[in-house]
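To start, the structure under review is shown below, and the notes come after it.
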Amino acid sequence: MSKILLLSHGNLAREVWATSKMVLGVVPGVEYLTLPSGTDLTQYEADIRRKVEEAEDGILILTDIFGGTPFITASRIYASLEDKGKMEIVTGMNLAMVLQVFNFVGGVPVGELKSIAVAAGVEGIVDLKERV
2 MSKILLLSHG
12 NLAREVWATS
22 KMVLGVVPGV
32 EYLTLPSGTD
42 LTQYEADIRR
52 KVEEAEDGIL
62 ILTDIFGGTP
72 FITASRIYAS
82 LEDKGKMEIV
92 TGMNLAMVLQ
102 VFNFVGGVPV
112 GELKSIAVAA
122 GVEGIVDLKE
132 RV
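Residue numbers for the sequence shown follow my numbering, beginning at 2 and rising by one.
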């Protein structure tokens, strides 16, 4: 079963996970790691790497912002993998994206999860004036 890992600065990943749980209930195969100020970055990278290694059928990692520590750390792990098809990374995590991919985790390959995440993230950004 493919898995999803939410990564963010501070507690954002935990709060997005908790809000998603409030809407959808508990979704198997979904985890998060927070990055509080002062976190040991070597341990943080080891924790992410362990989650990637445990995901036998692949893992989609959603990070908060491009270029931030969670994204850079996940990218470094991705670069070190022999089987790059096992891991996908999407940055710019938002609630619309997370709710959509949570509906598909475990049911589609990780590459499809990535496409769903990107589409839902973009579609979830709406300018009200352009809609009405």
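For each residue, glycine too, the CB sits at the ideal point set by N, CA and C. Keep in mind it's a predicted model, so treat the numbers as computed, not measured.
Check: Expected contact under 8 Å - CB spacing of S81 and I90 to nearest Å; Outcome: With 8 Å as the limit, S81 and I90 do not qualify as a contact, their Cβ atoms being about 13 Å apart.
Check: Under the three-state DSSP convention, the category S177 falls into; Outcome: In the structure as shown, the chain starts at 2 and stops at 133, and residue 177 therefore has no counterpart that could be examined.
Check: Buried versus exposed call for L116 [16 or more other C-beta atoms within 10 Å across all chains shown]; Outcome: For the sequence presented, residue 116 should be read as Ser rather than Leu. Flag for S116 reads exposed.
Check: Straight-line gap, K87 to I62 (C-alpha atoms, nearest Å); Outcome: 11 Å
Check: Cβ-Cβ distance between G59 and V111 below 8 Å; Outcome: yes
Check: Bridge partner(s) assigned by DSSP for T64; Outcome: L8, T92
Check: E55 - DSSP class collapsed to helix/strand/coil; Outcome: helix
Check: Sub-8 Å separation of T20 and Y45 beta-carbons; Outcome: no
Check: Residue burial classification, L42 (beta-carbon count within 10 angstroms, cutoff 16); Outcome: exposed
Check: Alpha-carbon spacing of I5 relative to E113, whole angstroms; Outcome: 12 Å
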